[in-house]
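Residue numbers (the numbering used here), protein chains in the order written: chain S, 659 to 991; chain E, 15 to 213.
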Amino acid sequence: MREDFYILQDGILKRKENTVYFENKEGRKILPINKISSIFAYGNLSFSSGVVSYLSKEGIPIHFFNYYGFYEGSMYPRETLISGDLVIQQAEHYLNPERRLYLAGKFIEGACGNILRNLRYYARNREDIQEAIESYATSIESELSCLEGAKAVPSMMRTEGKIRELYYNALDEIFPEEYRIIKRTRRPPENKMNTLISFGNSLVYSTTLSEIYNTQLNPTISYLHEPFERRFSLSLDVSEIFKPILVDRIIFKLVNKNMLGGNCFRGEIGNMLLSEKGKKIFLKEYDEKLKTTIKHKGLNQSVSYKRLIRLELYKLSKHVLGAEEYKPLVMWW
Amino acid sequence: MSDETTKEKEKSFDGSLSEPERSIHAEVFLGSVRITGVKVNYYHVCETKLWLFSHNISLEKESDNVAIGKMLHEDRYKKNSKNITIDGISIDFVKTGKKLEIHEVKKSKKIDVADRAQLLFYLYFLKKKGIDAVGVLNYPLLNKTEKIELTPEDEAITEKDIKNIKNIVLGSMPPPERKRICSKCAYKEFCFCGDRDRV
Ligand code: SF4
Numbered sequence: 659m660r661e662d663f664y665i666l667q668d669g670i671l672k673r674k675e676n677t678v679y680f681e682n683k684e685g686r687k688i689l690p691i692n693k694i695s696s697i698f699a700y701g702n703l704s705f706s707s708g709v710v711s712y713l714s715k716e717g718i719p720i721h722f723f724n725y726y727g728f729y730e731g732s733m734y735p736r737e738t739l740i741s742g743d744l745v746i747q748q749a750e751h752y753l754n755p756e757r758r759l760y761l762a763g764k765f766i767e768g769a770c771g772n773i774l775r776n777l778r779y780y781a782r783n784r785e786d787i788q789e790a791i792e793s794y795a796t797s798i799e800s801e802l803s804c805l806e807g808a809k810a811v812p813s814m815m816r817t818e819g820k821i822r823e824l825y826y827n828a829l830d831e832i833f834p835e836e837y838r839i840i841k842r843t844r845r846p847p848e849n850k851m852n853t854l855i856s857f858g859n860s861l862v863y864s865t866t867l868s869e870i871y872n873t874q875l876n877p878t879i880s881y882l883h884e885p886f887e888r889r890f891s892l893s894l895d896v897s898e899i900f901k902p903i904l905v906d907r908i909i910f911k912l913v914n915k916n917m918l919g920g921n922c923f924r925g926e927i928g929n930m931l932l933s934e935k936g937k938k939i940f941l942k943e944y945d946e947k948l949k950t951t952i953k954h955k956g957l958n959q960s961v962s963y964k965r966l967i968r969l970e971l972y973k974l975s976k977h978v979l980g981a982e983e984y985k986p987l988v989m990w991w
Numbered sequence: 015m016s017d018e019t020t021k022e023k024e025k026s027f028d029g030s031l032s033e034p035e036r037s038i039h040a041e042v043f044l045g046s047v048r049i050t051g052v053k054v055n056y057y058h059v060c061e062t063k064l065w066l067f068s069h070n071i072s073l074e075k076e077s078d079n080v081a082i083g084k085m086l087h088e089d090r091y092k093k094n095s096k097n098i099t100i101d102g103i104s105i106d107f108v109k110t111g112k113k114l115e116i117h118e119v120k121k122s123k124k125i126d127v128a129d130r131a132q133l134l135f136y137l138y139f140l141k142k143k144g145i146d147a148v149g150v151l152n153y154p155l156l157n158k159t160e161k162i163e164l165t166p167e168d169e170a171i172t173e174k175d176i177k178n179i180k181n182i183v184l185g186s187m188p189p190p191e192r193k194r195i196c197s198k199c200a201y202k203e204f205c206f207c208g209d210r211d212r213v
């Protein structure tokens, strides 16, 4: 199985015939092209001629992240797996308001299901907060039940916003003072938890995009998010389901096991940004998480978390093809 | 009408390949549906597979099975006569007397209805073009060959297959059903990705 390749330093990618090197003042490293599924570039990366087209030809996307470690953009190779029927059906499900609403709702339902699983899992051994968490969970469930009556995507988005707020409030009960979210802020984040969430969400978005590349879905046609919101908006939709499964669980582990000690954060505004060391720790956890396997009921075999993203995309393909109604993944483990 | 389309296709094929005389695209049109040997094969294997393949849903890059097939072919049948491909499958054509013999190498361990139907389709296709041929399936792993001739019954069956294939392809995706071959099928994950409602 191909692996992801993370580049944290600044440097240049050079191509010599069929070999690609990463080079900087500290040295030179060969990239095993036929073993790489995607490249995640966190440093300033430049390219010598021919590298980009070569990677594109090999079907390897490169995801770029900014100074903060948040998603900036991707080099998405040219599509090779195209099915006219599937794209038409995918667009049909966007254009038909009822069908679009169904899928938009399913993404929220999946995200919410996983959020609830997380809350109950985190609170399991914490008698001091269990009651508070359970009351948040109940509120989230009642918000979720509003979804069914929703007549348009914007009102679904509002419901989703409310659910997130309740979720983050609940997380504030669970995590220590230092990691309170209080208010979810974005660029630049104003506290550690926001940094961690944004960093992780960027990763999930990118991984999902890479997986979409390996299916025949068109990444620009989405349902919950507007297709013009971002170039690859389908990735935003599907990421919703996986953020609680991947990112939030990683953060919980990092904080709970005190893995983000000295030098993991940096920055003027009160040490809120991940340092290179902090990024490395997070990326290692992320990579391990993606490789972790669980038993899949439908396939009756073990699949990795990363594969679950692909399977989710297959489920979506089958839904738009009219073969099987899409039901979002909610952690069964 | 269908004959015309076939000819037209053939012409364009001739122009675009480096070794034109070595490549044949066996296809028959039924209405708007293109019937090929591979589709005939899949029809006998699994309707879902036929449908997905026909709708260009191809998910995995070249599987190991295909690679094994290629190796077998290259190793054991190199010396034999003229090598031509039909639908991208290498086939040996041997001229014996009046009739043309088309040999196909199979990697599977058992003589399979789908292989047979596929070869019958090629014979049917050649017959429509006025070429009389017989087929030989070679099973090197079994040290066995099977000779196949297009009898009138087979011809009728092939024509019926073609009609059925058309209907399946034009219909909606046939729901996957678990079979023994699913475990080796490239569509397995696509077919059984659902994680619920199963024990
Ligand atoms: S996995 Fe099974 S049901 Fe699906 S296409 Fe393959 S053979 Fe058919």
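Built from N, CA and C at the ideal position, the CB exists for glycine as well. Note that the coordinates shown come from a computational prediction; the quantities given were computed from them, not determined experimentally.
- A straight line joining the alpha-carbon of VAL47/E with that of SER732/S spans about 38 Å.
- At a cut-off of 8 Å between C-beta atoms, PRO189/E counts as an interface residue with respect to chain S.
- For ARG686/S, the CB contacts under 8 Å within the same chain, skipping 5 residues up- and downstream, are TYR679, PHE680 in chain order.
- The beta-bridge partner set that DSSP reports for PHE923/S consists of LEU932/S.
- In the DSSP assignment, ALA769/S falls within the alpha helix (DSSP H) that extends over 755-781.
- PHE705/S: member of the beta strand (DSSP E) spanning 703-705, first to last residue.
- Membership of ILE171/E in any beta strand (DSSP E) is not indicated; the residue belongs instead to the alpha helix (DSSP H) covering 166-184.
- Secondary-structure assignment with DSSP links GLN959/S through a beta bridge to HIS954/S.
- Note that the C-beta distance between ILE798/S and GLU831/S is not below 8 Å.
- In terms of side-chain proximity, the C-beta atom of LYS202/E is found nearer than 7 Å to a non-hydrogen atom of the ligand SF4.
- Inter-segment contact for the stretch 49-59 of chain E and the stretch 126-140 of chain E is present: three or more beta-carbon pairs are separated by less than 8 Å.
- In this model, ASN958/S and LYS198/E are separated by some 14 Å (Cα to Cα).
- The CB of ILE71/E comes closer than 7 Å to the CB of SER741, LEU744, GLN874 in chain S, given here in chain order.
- DSSP places LEU671/S outside any alpha helix (DSSP H); the residue lies instead in the beta strand (DSSP E), whose first and last residues are 669-674.
- Comparing C-alpha distances from MET917/S to each of ILE939/S, ARG784/S, MET815/S shows the shortest one belongs to ILE939/S.
- A distance below 8 Å between beta-carbons, with the five flanking residues on each side excluded, links ARG757/S to the following residues of its chain, in chain order: GLU750, HIS751.
- Inside the stretch 682-730 of chain S, DSSP marks whole beta strand (DSSP E) runs of 3 or more residues at positions 685-689, 694-699, 703-705, 720-723, from first to last along the chain.
- Not one heavy atom of the ligand SF4 falls within 7 Å of the beta-carbon of THR677/S.
- ASP668/S sits close to GLY701/S, with the two beta carbons spaced by under 8 Å.
- Spatial neighbours of VAL148/E in its own chain (CB-CB distance under 6 Å, excluding positions within 5 residues in sequence) are listed in chain order as LYS113, GLU115, GLU163.
- The continuous beta strand (DSSP E) containing ASN152/E extends over residues 147-153.
- Assignment of alpha helix (DSSP H) within the stretch 32-70 of chain E, counting only whole runs of 4 or more residues, yields 51-59, 61-68 in chain order.
- Between the ligand SF4 and the CB of GLU163/E, the shortest heavy atom gap is not smaller than 7 Å.
- Judged by the Cβ position, LEU66/E qualifies as a neighbour of the ligand SF4 at the 7 Å threshold, a heavy atom of the ligand being closer than this.
- Within the stretch 182-206 of chain E, those residues whose Cβ lies closer than 9 Å to any Cβ of chain S are, in chain order, SER186, MET187, PRO188, PRO189, PRO190, LYS202, GLU203, PHE204, CYS205, PHE206.
- Leaving aside the five residues that flank LYS911/S on each side, the residues in its chain whose CB is nearer than 8 Å to its CB run, in chain order, MET917, GLU943.
- When HIS69/E, LEU151/E, ASP168/E are compared, the shortest CA-CA separation from PRO188/E is found for HIS69/E.
- Under the three-state reduction of DSSP, ASP662/S is assigned to strand.
- Judged by beta-carbon spacing, TYR201/E lies beyond the 8 Å limit of LEU64/E, meaning their Cβ atoms are not closer than that value.
- Counting C-beta pairs with one atom in each stretch, the stretch 861-872 of chain S and the stretch 952-970 of chain S have three or more that are closer than 8 Å, which means they touch.
- DSSP places ILE939/S within a helical segment (H, G or I) once states are collapsed to three.
- In terms of Cβ geometry, ALA795/S and ILE899/S do not form a close pair [threshold 8 Å].
- DSSP places LEU114/E within a strand segment (E or B) once states are collapsed to three.
- For GLU191/E, the distance from the CB to the nearest heavy atom of the ligand SF4 is below 7 Å.
- Not one heavy atom of the ligand SF4 lies closer than 7 Å to the C-beta of LYS976/S.
- For ILE791/S, the enclosing alpha helix (DSSP H) begins and ends at 785-804.
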